[in-house]
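Protein chains in written order, with numbering that gives the first Met the number 0: chain A, 0 to 347; chain B, 0 to 347; chain C, 0 to 347; chain D, 0 to 347.
4 protein chains.
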Amino acid sequence: MDTIRVGIIGATGYAGEELVRILYSHPAAEIVNLSSKSYAGQPYSKVYPSYKDLITDDCQPEDLEALSEEADVIFLALPHGLASSKVTEKVLQKCKIIDLGADFRLQDPDLYEQWYQVPHEGKGLLKEAVYGLCEWKRDEIRKTRLVANPGCYTTCSIMSLAPLVKEHMIEVDSVIIDAKSGVSGAGRGVSLGNHFAEVNESIKAYKVGCHRHTPEIEEQLSNLAGKPVTLTFTPHLVPMQRGILAVCYGKLTAPATWESIAEVYERYYGKEYFVRLMAKGEYPETRWVKGSNFVDIGFAVDERTGRIIVIGAIDNLVKGAAGQAVQNMNLLFGLAETLGLEQAPMFP
Amino acid sequence: MDTIRVGIIGATGYAGEELVRILYSHPAAEIVNLSSKSYAGQPYSKVYPSYKDLITDDCQPEDLEALSEEADVIFLALPHGLASSKVTEKVLQKCKIIDLGADFRLQDPDLYEQWYQVPHEGKGLLKEAVYGLCEWKRDEIRKTRLVANPGCYTTCSIMSLAPLVKEHMIEVDSVIIDAKSGVSGAGRGVSLGNHFAEVNESIKAYKVGCHRHTPEIEEQLSNLAGKPVTLTFTPHLVPMQRGILAVCYGKLTAPATWESIAEVYERYYGKEYFVRLMAKGEYPETRWVKGSNFVDIGFAVDERTGRIIVIGAIDNLVKGAAGQAVQNMNLLFGLAETLGLEQAPMFP
Amino acid sequence: MDTIRVGIIGATGYAGEELVRILYSHPAAEIVNLSSKSYAGQPYSKVYPSYKDLITDDCQPEDLEALSEEADVIFLALPHGLASSKVTEKVLQKCKIIDLGADFRLQDPDLYEQWYQVPHEGKGLLKEAVYGLCEWKRDEIRKTRLVANPGCYTTCSIMSLAPLVKEHMIEVDSVIIDAKSGVSGAGRGVSLGNHFAEVNESIKAYKVGCHRHTPEIEEQLSNLAGKPVTLTFTPHLVPMQRGILAVCYGKLTAPATWESIAEVYERYYGKEYFVRLMAKGEYPETRWVKGSNFVDIGFAVDERTGRIIVIGAIDNLVKGAAGQAVQNMNLLFGLAETLGLEQAPMFP
Amino acid sequence: MDTIRVGIIGATGYAGEELVRILYSHPAAEIVNLSSKSYAGQPYSKVYPSYKDLITDDCQPEDLEALSEEADVIFLALPHGLASSKVTEKVLQKCKIIDLGADFRLQDPDLYEQWYQVPHEGKGLLKEAVYGLCEWKRDEIRKTRLVANPGCYTTCSIMSLAPLVKEHMIEVDSVIIDAKSGVSGAGRGVSLGNHFAEVNESIKAYKVGCHRHTPEIEEQLSNLAGKPVTLTFTPHLVPMQRGILAVCYGKLTAPATWESIAEVYERYYGKEYFVRLMAKGEYPETRWVKGSNFVDIGFAVDERTGRIIVIGAIDNLVKGAAGQAVQNMNLLFGLAETLGLEQAPMFP
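Here it is in structure tokens:
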């Protein structure tokens with residue numbers, strides 16, 4: 000088939016840059032436009048000297064409508080509130096959209112307005128938007144024009160818990176997710192909170208009980224459970240570049256052995272290229288997925304308490320953002336789902 | 000009063016070295032002996048060049064009985080299983096013992112043998128041993144000859160949860176502790192697991208469902224609750240030098256406001272020098288306690304789920320080991336509890 | 000004697016905060032004022048929660064003249080260009096000034112204006128200002144009202160090279176200093192260059208051939224040499240919180256053994272509490288001086304090339320800023336030079 | 000052409016693992032054997048769980064001779080002293096060898112024995128061995144059976160200095176190289192020196208004046224200069240995973256502008272894919288080459304001292320080891336030199 004013409008709006012944030020890194024080596028895609036509000040007019044390789052001699056283009060001003068004329072697909076990596084006002088039926092008639100932001104993730108706009116505290120400007124498109132968690136939404140993604148790429152914490156949490164929730168093996172009101180992220184998850188915007196000397200050599204929980212990925216996880220798990228799931232989600236900032244570790248706790252609805260649960264995970268994920276199931280007694284660590292699109296999942300049954308502890312690890316910029324976005328692009332264009340995403344993780 | 004003559008057995012591990020750092024500036028103590036199995040005969044300042052020109056002594060072979068003749072108090076910083084066989088009535092008649100290891104922490108020797116998988120050689124002394132969590136055991140500590148200094152995770156976890164448990168405000172079968180530690184907590188022994196390039200830029204959970212601090216936390220909380228507490232405890236390794244963050248989850252037994260719970264914490268800890276209670280919406284971070292003996296505690300009430308999330312932060316080598324040990328020494332010798340421990344945290 | 004009343008202007012930067020940390024435990028000083036342009040009106044313990052419950056004061060607006068009425072000594076930790084316009088004869092008649100900034104370090108105002116590209120507003124006071132490198136200027140410091148506290152790189156570089164330069168053992172046109180600093184040296188101001196994900200996992204040289212500490216090092220070494228010294232100085236940013244390592248290269252003017260050079264260093268520094276001379280084959284590392292006022296110095300004679308390589312290590316915030324400033328205060332007020340600065344380094 | 004059958008001896012060290020990572024995605028190579036003395040018999044994906052589900056092979060015992068029967072090329076990633084005794088004419092008649100160790104790098108065996116303190120067991124093959132610095136030895140590499148892959152510090156240092164040395168623009172007795180490396184350069188072997196808490200938050204110089212890469216740099220530069228080069232080389236350990244920064248100092252033989260020197264670098268490197276020349280005022284940082292085979296080079300002319308400061312940056316595991324080895328493989332087999340090495344660097 001022809002090469003896919005790709006535009007990236009918000010190309011100078013970390014998720015945008017990771018899209019560039021992956022697409023640079025993608026055999027079926029060509030980047031035709033790198034847009035950036037902050038750096039328009041500057042060479043991309045000045046913003047990220049890693050691309051010196053590799054990319055000679057300048058950053059463009061963000062203009063979704065103009066770009067829709069020349070691109071087959073546009074990735075949006077924007078702060079919330081922007082995509083919902085910019086993406087229109089007119090745009091979608093010309094090109095496909097993969098939105099890495101939050102605007103089209105929640106199907107319920109009230110929930111969006113409640114957690115994000117801004118009006119939702121694109122309610123009319125919510126029905127068409129497909130939640131782009133590829134392993135669970137593959138068929139719908141293939142048919143849509145608008146993909147809402149899941150959040151980083153969300154991807155890791157849902158992937159870890161989904162089989163248990165869908166099989167009613169976990170009490171849905173017992174779920175607690177204690178998640179840890181590297182600092183790139185906070186974006187490239189400067190603030191005292193991201194200053195090296197403030198972040199390094201420390202760990203903290205933040206947005207305790209009020210992080211915006213909470214309703215996103217709940218909505219998806221509720222769909223799987225067939226009933227409302229309300230859970231506790233606590234994100235943490237860890238002094239490292241990349242990686243998310245989601246440690247998920249819940250009560251088993253019935254006593255179960257490690258082996259019987261492993262069978263369920265095997266059934267759902269055994270054939271999934273990007274999901275790797277750990278052996279008994281082994282648990283994911285973020286270092287083993289760095290730079291890759293893998294989700295590593297392991298779990299323990301805590302017989303003393305009747306709980307299960309499921310642990311998932313991803314690279315927040317890959318499976319948690321740009322990698323999954325490219326996986327979605329592959330689905331949208333009928334390519335092999337793993338195309339351009341098969342490199343081994345980088346360690347150390 | 001006279002200067003306290005102090006010996007340290009196991010002085011070349013990280014906890015031992017932190018004892019040296021604190022005692023070096025302690026106005027009422029003098030180190031008379033630094034013992035080390037691995038480094039006996041070598042100058043202490045070769046093992047830790049930070050003490051160049053400050054400490055000129057050589058490391059001594061470990062000989063508790065001989066040392067008991069010349070010291071008023073001996074700190075033991077040894078792997079588990081050693082203290083219980085070395086500490087004897089004869090030793091205790093000559094000097095006081097503060098054991099930073101695990102051997103005398105659990106009152107129930109069966110529990111010890113089950114979790115540590117070695118026989119307990121000092122059962123006869125278990126009755127006398129006092130669990131050295133100073134804020135909760137002050138009066139008993141003052142009267143004993145043998146203090147079992149609490150574990151690092153344990154100190155942080157119990158301090159965070161104790162008021163709620165004692166006041167029956169938290170369902171005791173609902174408690175989950177998700178704790179994160181800096182790498183110094185793993186000790187100075189070399190292993191691939193502590194190699195820089197393996198630990199850096201990654202986070203992992205370890206000993207999921209089976210860490211030995213679990214029964215220690217449970218035993219103490221059970222005493223406070225007046226009934227058995229069984230909980231889930233998950234430790235994590237974080238790429239930083241020092242610090243423990245314990246994030247504790249539990250169901251409230253009755254609806255409660257932040258303010259009403261703050262009152263309870265204030266009642267228990269309001270006058271405690273080493274406990275700092277965070278304001279509403281603020282949470283502890285390990286950077287703010289580095290190098291100090293403080294426990295910072297903050298919490299959120301998650302109304303959506305009826306849970307409370309209590310977060311505690313300590314420096315694992317200070318309040319989690321050497322600092323609390325010196326606080327215990329101060330109690331044992333009738334000194335001001337804060338003596339030698341009043342320096343401000345070091346940041347950044 | 001009476002307690003020294005201390006004011007700090009610029010108390011919320013890293014150097015200012017380190018002054019607070021050291022002075023908080025200083026037995027002869029009391030902080031009477033913490034001023035901060037950015038945080039005036041806010042509790043100091045909100046800016047640095049490490050001081051929660053320890054310091055209850057609010058930050059004050061910066062008003063040097065008013066403060067001179069109530070303080071015995073004022074530390075200035077300000078960007079360059081401010082101190083020279085604020086410090087006046089009137090202020091100096093009321094209190095002593097220790098300036099941690101650059102304004103009074105260079106005796107030659109033309110050099111200042113050339114390297115800093117701003118006019119010098121306080122030329123009239125340059126004669127009185129004493130360069131506060133305590134080990135070399137002790138007698139003059141004791142008599143002055145205005146101390147120019149040396150820069151961090153400068154302190155480490157001069158301390159390392161001074162004996163060789165003074166004894167004419169090194170060819171003065173052969174000196175190259177390759178220095179490495181932790182990120183706290185860049186201050187607390189936010190910028191993309193100090194963002195965690197940009198600094199972490201990388202090393203870079205910066206201001207190659209044009210860093211402002213160059214003329215400061217040259218001026219002091221020229222004074223010692225009795226002739227102009229022009230050298231190459233290259234600073235680097237290292238992903239760590241604290242520490243400076245200065246690696247200094249130069250041609251020996253005559254062949255020399257390690258031992259003969261060690262004798263010279265011993266002669267100059269053997270009785271200096273804050274200088275620690277390494278044994279043959281041992282070299283300083285920043286970890287061994289963290290949190291302390293020590294300068295560790297080691298060297299190698301490279302017989303193959305006729306060069307000497309002298310390596311110095313300091314904590315940039317202590318001997319490189321706040322610690323040396325307090326050492327200067329001790330000298331100004333006739334106290335023991337080491338008072339309040341005798342804590343052991345903190346490791347790990 | 001047919002797929003190249005590749006064996007790796009020493010596949011479980013960091014350089015070996017990086018070979019695996021690169022070759023895993025190489026379009027013209029297939030790994031047929033992963034050998035490891037320490038892990039023989041264990042699944043490779045247990046040693047490096049990053050390869051879970053990707054590589055299912057077990058590690059094999061190291062048997063160069065047997066392996067030469069089935070492989071077209073064998074990479075050796077072994078401690079020094081082993082390759083020289085194992086590589087024989089018999090082996091070379093069956094397959095090509097790329098040795099990542101030190102044994103065949105120095106053409107002068109006396110120099111080898113002097114710096115490595117072991118006898119050289121393969122002197123007979125030294126004449127055939129080609130020093131595999133691809134940009135400078137391309138034609139010889141294409142014709143040989145035995146490539147000595149350069150050291151990491153060496154690659155970065157020689158690439159930075161070679162044009163100046165070859166053009167006699169730098170005084171050869173004036174060269175000083177101050178180089179900084181990430182911790183992966185120390186290998187995966189465990190030792191206290193590589194323990195996280197010992198390396199993190201510190202920087203040190205090591206092997207001052209006596210590092211074994213010194214004679215390697217000198218020999219190559221001497222060949223280019225046409226006369227003996229004796230230089231000072233100081234390696235440093237930096238708390239990061241990957242990267243080498245070599246800061247090279249030297250006296251210019253004649254005054255020169257930045258532009259005139261840039262022209263020379265452009266002449267030598269302008270068409271080299273893997274060499275990226277920085278613009279005036281810009282300097283390499285290791286973050287921009289991470290995971291890639293690039294050498295970034297920038298320089299400053301220090302008019303005040305008549306010196307030039309050339310700075311080079313590489314990823315020590317890629318251009319400094321495995322990447323350059325694959326580049327050599329491409330040359331040996333007549334492939335495009337960049338094949339399998341064209342991925343963009345990974346940041347952050």
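Each residue gets a CB set at the ideal place from its N, CA and C atoms; glycine is no exception.
For residue i: DSSP bridge partner residues
i, result
"F232/D", "I176/D"
"V72/D", "V5/D and K95/D"
"L276/D", "I296/D"
"R306/B", "K250/B and D301/B"
"L312/D", "The identity of residue 312/D in the sequence shown is Ala, whereas the question assumes Leu. DSSP output for A312/D lists L244/D and D295/D as bridge partner(s)."
"Y130/B", "A147/B"
"E284/C", "K203/D"
"I169/C", "L251/C"
Other residues of its chain near residue i: CB distance less than 7 Å, five sequence neighbours each side excluded
i, result
"L316/A", "Y13, A14, E17, S183 and R241"
"G40/B", "D57 and C58"
"H229/D", "The sequence shown places Thr at residue 229/D, rather than the His named in the question. For T229/D, where only same-chain residues beyond five positions count, the Cβ hits under 7 Å are D172 and E217."
"K85/C", "L63"
"F298/C", "I260, I307, I308, V309 and I310"
"V237/A", "K179, S180, G181 and I202"
"E127/A", "T143, R144 and L145"
"K352/A", "Limits of chain A in this structure are 0 at one end and 347 at the other, which puts residue 352/A out of reach."
Same chain, Cβ closer than 8 Å to residue i, neighbours up to 5 away in sequence not counted
i, result
"T252/B", "H167, M168, I169 and E170"
"N348/B", "Examination of residue 348/B is not possible in this model, given that chain B is present from 0 through 347 alone."
Beta carbon proximity, residue i to chain E, threshold 8 Å
i, result
"N315/A", "You won't find chain E in this structure, because its protein chains are A, B, C and D."
Same chain, Cβ closer than 6 Å to residue i, neighbours up to 5 away in sequence not counted
i, result
"R187/C", "G12 and Y13"
"R144/B", "L91 and K95"
"V174/C", "L230 and G249"
"G279/C", "Going by the sequence as given, residue 279/C is Lys instead of Gly. Contacts found: W257."
Residue i CB to nearest heavy atom of the ligand HEM below 7 Å
i, result
"L145/D", "The model on display carries no ligand, and the ligand HEM is accordingly not part of it."
Scan the region 181-250 of chain D and note each continuous beta strand (DSSP E) run of 3 residues or more that stays entirely inside, going in chain order.
231-236 and 243-250
Tell me, please, whether the region 292-312 of chain C touches the region 243-251 of chain C by the rule of three or more beta-carbon pairs shorter than 8 Å.
yes
In chain order, each beta strand (DSSP E) run of at least 3 residues that lies wholly inside the region 24-85 of chain A
28-34 and 72-75
Whether or not the region 191-203 of chain A and the region 191-211 of chain C are in contact is what I'm after, with contact meaning three or more pairs of Cβ atoms, one per stretch, closer than 8 Å; do they touch?
yes
At a cut of 8 Å, does the region 206-220 of chain A reach the region 229-238 of chain A through at least three beta carbon pairs?
yes
Should the region 155-163 of chain B be called in touch with the region 275-291 of chain A, which here means at least 3 C-beta pairs below 8 Å?
no
Where the region 189-204 of chain A meets chain C: residues whose CB sits under 7 Å from a CB there
V189, S190, L191, N193, H194, F195, A196, V198, N199 and E200
Members of the region 44-70 of chain C near chain B, C-beta cut-off 8 Å:
Y47, P48, S49, Y50, K51, D52 and L53
Could you tell me whether the region 269-279 of chain A touches the region 289-306 of chain A, where touching means 3 or more Cβ pairs closer than 8 Å?
yes
So, does the region 72-79 of chain C touch the region 95-112 of chain C, judging by three or more C-beta pairs under 8 Å?
yes
Check distances from the C-beta atoms of the region 173-185 of chain D to those of chain A and list, in chain order, the residues that come in under 9 Å.
G181, V182 and S183
Residues of the region 223-240 of chain C whose Cβ lies closer than 8 Å to any Cβ of chain D, in chain order
T229, L230, T231, T233, H235, V237, P238, M239 and Q240
Contact list for the region 286-307 of chain A against chain D, Cβ threshold 9 Å
R286, W287, V288, K289, G290, S291, F293 and D295
Output, in sequence order along the chain, the residues in the region 319-344 of chain B whose CB is closer than 8 Å to any CB in chain C.
E341, Q342, A343 and P344
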